[in-house]
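Okay, structure first, notes after.
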Amino acid sequence: EAQVTQNPRYLITVTGKKLTVTCSQNMNHEYMSWYRQDPGLGLRQIYYSMNVEVTDKGDVPEGYKVSRKEKRNFPLILESPSPNQTSLYFCASSKYRGPGEKLFFGSGTQLSVL
Amino acid sequence: GENVEQHPSTLSVQEGDSAVIKCTYSDSASNYFPWYKQELGKGPQLIIDIRSNVGEKKDQRIAVTLNKTAKHFSLHITETQPEDSAVYFCAASKGRRDKIIFGKGTRLHILP
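Shown next, in the form of structure tokens:
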């Protein structure tokens, strides 16, 4: 089954404790992206990757890191989480980036930073 | 850069009635307009899309219309059912390799 898998689904942590949210897709997609969803703000892009070893900042990259060492995986790293990073996070992928390319989303990771 | 405005933020309709969600975009070069549906506890999922060379597209109970001159597009859901309750996002994008811009979302409640 074609899917984007994120883990964990729920995560509670404390300020400053490094964490990684994993994302994997099984569709051989070139394009992968991370979004955060906050009430009243919709979906905002954090980072994206056009292909292996190619990553770039989205609209809200501060406090986040990503890597794309393999085509299928695109982990999101929070080196020193802060309470304002409490949010619902989604990983997404598509074959390419551009008009007409359907984005496939993971089921989300609800992160709480205390 | 592109900006997508979506209204209303919340919409409640009686089961069986129609629902309309409207979006406007700022960049006249945008040429692709998808709609995503996010059910509770799940990620958004593409439900319908339209390209700028088409004025209307239908898929069973849902339809999308596009007015390029006014730079707005709308999602229409007819004969609403309980399973239509969800958050809906409109979006816009343009040339290849350009990013997709999402509206802020509309929470649709279908009332029994």
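Those protein sequence lines, which keep their order, are chains F and P.
Going by this note's numbering, the first residue of the first sequence is number 1, and it counts up by one from there.
Going by this note's numbering, the first residue of the second sequence is number 1, and it counts up by one from there.
Yeah, the Cβ is synthetic: ideal placement off N, Cα and C, and Gly gets one too.
The structure displayed is predicted, hence computed values, not measured ones.
Per-residue DSSP class, three states only, for residue i
i, result
"Gln3/F", "coil"
"Glu83/P", "helix"
"Pro83/F", "helix"
"Thr15/F", "coil"
"Gly42/F", "strand"
"Val113/F", "strand"
"Asn73/F", "strand"
"Asn51/F", "strand"
"Leu40/P", "coil"
"Thr78/P", "coil"
"Ser107/F", "coil"
"Ser67/F", "coil"
"Met32/F", "strand"
"Lys104/P", "coil"
"Val117/F", "Any answer about residue 117/F is impossible in this case: the structure gives chain F only from 1 up to 114."
"Gln45/P", "strand"
Other residues of its chain near residue i: CB distance less than 7 angstroms, five sequence neighbours each side excluded
i, result
"Pro8/P", "Thr106"
"Lys65/F", "Ile77, Glu79"
"Leu19/F", "Leu11, Thr13, Leu78, Pro81"
"Arg61/P", "Ile77, Thr78, Glu79"
Spatial distance of residue i from residue j (CA atoms)
i, j, result
"Phe33/P", "Arg51/P", "6 angstroms"
"Ala86/P", "Ser18/P", "15 angstroms"
"Ser74/P", "Ile12/F", "38 angstroms"
"Lys29/P", "Glu5/P", "Looking at the sequence provided, one finds Ala at residue 29/P rather than Lys. Distance between the alpha carbons of Ala29/P and Glu5/P is about 16 angstroms."
"Pro82/P", "Lys22/P", "21 angstroms"
"Thr22/F", "Tyr36/P", "23 angstroms"
"Asn84/F", "Val113/F", "8 angstroms"
"Ile77/P", "Leu66/P", "15 angstroms"
"Leu46/P", "Pro81/F", "31 angstroms"
"Pro8/F", "Ala70/P", "43 angstroms"
"Asp84/P", "His109/P", "8 angstroms"
"Asp59/F", "Ile46/F", "6 angstroms"
"Glu101/F", "Cys91/F", "15 angstroms"
Identity of the residues DSSP links to residue i by a beta bridge
i, result
"Arg51/P", "Tyr32/P"
"Ala70/P", "Looking at the DSSP assignment, Ala70/P forms no beta bridge with any residue, so it has no partner."
"His7/P", "Lys22/P"
"Gln37/F", "Leu43/F, Leu88/F"
"Lys57/F", "Tyr47/F"
Own chain partners of residue i with C-beta closer than 8 angstroms, once the 5 adjacent residues on each side are dropped
i, result
"Leu111/P", "Ser12, Val13, Gln14, Glu15"
"Glu53/F", "Arg68, Lys69"
Close Cβ partners of residue i (< 6 angstroms) along its chain, the five nearest in sequence each way excluded
i, result
"Ser24/F", "Thr5, Arg72, Asn73"
Proximal chain B residues relative to residue i, where beta-carbon distance stays under 8 angstroms
i, result
"Gln45/F", "Considering every chain present, this structure includes no chain B. Its protein chains are F and P."
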